[in-house]
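Residue 336 is where the sequence shown ends in numbering that gives the first Met the number 0, and the numbering goes up by one at each step. C-beta atoms are modelled at their ideal positions from N, C-alpha and C, and glycine is treated no differently. Just so we're clear, the structure is a prediction, and the values are computed from it rather than from any experiment.
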Amino acid sequence: MRQIVLRAVGAMHVEDVARPDAPQPHDVQVRVRRVGICGTDLHAFAGKQPFFSYPRILGHELAVEVVACGDAVTSVAVGDIVAVRPYLECGHCRACQRGLTNCCETLRVLGVHIDGGMREYINLPASHLHHAHGVSVDGLALVEMLSIGFHAVRRANPAPDDRIVVVGLGPIGLGIALAARARGLPVYAIDPSPGRRAFAMTHHLVSNAQAPGAQVHTTARELCGGHAPDIVFDATGYVGAMESSVMIPGHGGKVVFVGLVQGNVSFSDPDLHRREITILASRNATAVDFDAVIAALPTIAIPAWVTHHTTPDLLAGCMPAWRDPATGVIKGMLSFD
Numbered sequence: 000m001r002q003i004v005l006r007a008v009g010a011m012h013v014e015d016v017a018r019p020d021a022p023q024p025h026d027v028q029v030r031v032r033r034v035g036i037c038g039t040d041l042h043a044f045a046g047k048q049p050f051f052s053y054p055r056i057l058g059h060e061l062a063v064e065v066v067a068c069g070d071a072v073t074s075v076a077v078g079d080i081v082a083v084r085p086y087l088e089c090g091h092c093r094a095c096q097r098g099l100t101n102c103c104e105t106l107r108v109l110g111v112h113i114d115g116g117m118r119e120y121i122n123l124p125a126s127h128l129h130h131a132h133g134v135s136v137d138g139l140a141l142v143e144m145l146s147i148g149f150h151a152v153r154r155a156n157p158a159p160d161d162r163i164v165v166v167g168l169g170p171i172g173l174g175i176a177l178a179a180r181a182r183g184l185p186v187y188a189i190d191p192s193p194g195r196r197a198f199a200m201t202h203h204l205v206s207n208a209q210a211p212g213a214q215v216h217t218t219a220r221e222l223c224g225g226h227a228p229d230i231v232f233d234a235t236g237y238v239g240a241m242e243s244s245v246m247i248p249g250h251g252g253k254v255v256f257v258g259l260v261q262g263n264v265s266f267s268d269p270d271l272h273r274r275e276i277t278i279l280a281s282r283n284a285t286a287v288d289f290d291a292v293i294a295a296l297p298t299i300a301i302p303a304w305v306t307h308h309t310t311p312d313l314l315a316g317c318m319p320a321w322r323d324p325a326t327g328v329i330k331g332m333l334s335f336d
């Protein structure tokens, strides 16, 4: 079978290896059909991804077809095409005991901490597969990406009248906007890319979107009718933007950091206390979030989100360009078909 290995920064190779052994009793063997290319993959290719080491098989946004089942598996059957929850938790630590499997103390994420799905076949726990009947293969590969936004909004626990601003309209930011709108909340966005702002407006993910301007907190107030927003989701993964996002919410507001940066983020403590701001980090997602995304998939124009396609042999050449929003990428998709 073929697999794609990122051996070092910018060094991606397609290799021929043996197919995995038969799955263990509670596992399945799957054929990988689609792999969504996300910010984690692009940052790893560029050498800017935290919690990462080389060499690594990337890929955690997966749509797969079950080809063999372990003896104890009853939740899926051969021929099923499913989405994958790629966060492998221990099930025993305090976080897991509290249902916070997304931030297990020894969490292993496919394609980050351990080898992922950029290969034709892989063995996976059956418990981490999710059915979405009637959804296209491309749609199934969007589930993990969108679950990040659904988890972030659930973590923020917004009130019905909260004004929400999303900073950064990459795929994760767009997913946050989708999750907030699914709750009937007013959503506004800030992003320098005209194309991404247009996408968010065209697909009714936000009520309005603007470029950051000279003072991002002033732009946010303008979007919210002259009032500071109540909840700000930062999906940029850039230190400067994250530090600016802390300044955006009004008194008693919240900042949710969804993007991840390899470095420190600083802010004025007196200003934080003056406004009594809550700062939250949002990591990955849980099975609950996957189920919420799957329920929302019929409302999503999946072909519009999947803007670019590639093959194993062409992927390495696509990665540098797909890091640039000017290329019009919303979601790039790798196919093993």
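A219: first and last residue of the uninterrupted alpha helix (DSSP H) it sits in: V215 to L222
query: Whose C-beta lies closer than 7 Å to the C-beta of H308 among residues of the same chain, with five residues either side of it excluded?
result: M332 and S334
message: At the level of alpha carbons, what is the spacing between C37 and L123?
response: 20 Å
task: Assign Q96 to one of three DSSP states: helix, strand, or coil.
output: helix
field: I171, enclosing alpha helix (DSSP H) - first and last residue
entry: P170 to A181
task: Quick one: which unbroken beta strand (DSSP E) runs of 3-plus residues sit fully inside the region 228–280? Chain order, please.
output: 230–233, 253–256 and 277–280
field: Start-end ranges of the beta strand (DSSP E) lying completely within the region 0–60, minimum 3 residues
entry: 1–7, 10–15 and 26–36
- request: Say whether the region 63–79 touches the region 20–27, bearing in mind that this needs 3 or more beta-carbon pairs closer than 8 Å, one atom from each stretch.
  value: yes
field: C-alpha distance - P54 paired with G138, whole-angstrom precision
entry: 29 Å
- prompt: Name the DSSP bridge partner or partners of T201?
  reply: Looking at the DSSP assignment, T201 forms no beta bridge with any residue, so it has no partner.
query: Less than 8 Å separating the beta-carbons of L109 and G116?
result: yes
task: Please confirm if L145 has its CB atom under 8 Å from at least one CB of chain D.
output: The structure shown contains no chain D; it holds only a single protein chain.
task: Flag this pair as yes or no: are the beta carbons of E221 and G251 separated by less than 8 Å?
output: no
- prompt: Run through DSSP, which three-state label would S206 get?
  reply: coil
query: DSSP three-state call for I299: helix, strand or coil?
result: coil
message: Count Cβ pairs between the region 77–90 and the region 2–14 that sit closer than 8 Å; are there 3 or more?
response: no
- request: State yes or no: is the C-beta of V186 within less than 8 Å of the C-beta of T235?
  value: no
message: Does R273 pass the burial test, meaning 16 or more other C-beta atoms within 10 Å, or should it be called exposed?
response: exposed
message: Tell me which residue opens and which closes the beta strand (DSSP E) that P124 is part of.
response: Y120 to P124
- prompt: Under a three-way DSSP split, which group does V63 fall into?
  reply: strand
query: Which residue or residues does DSSP assign as beta-bridge partners of G331?
result: I36 and H307
field: Per DSSP, the bridge partner or partners of R107
entry: L87
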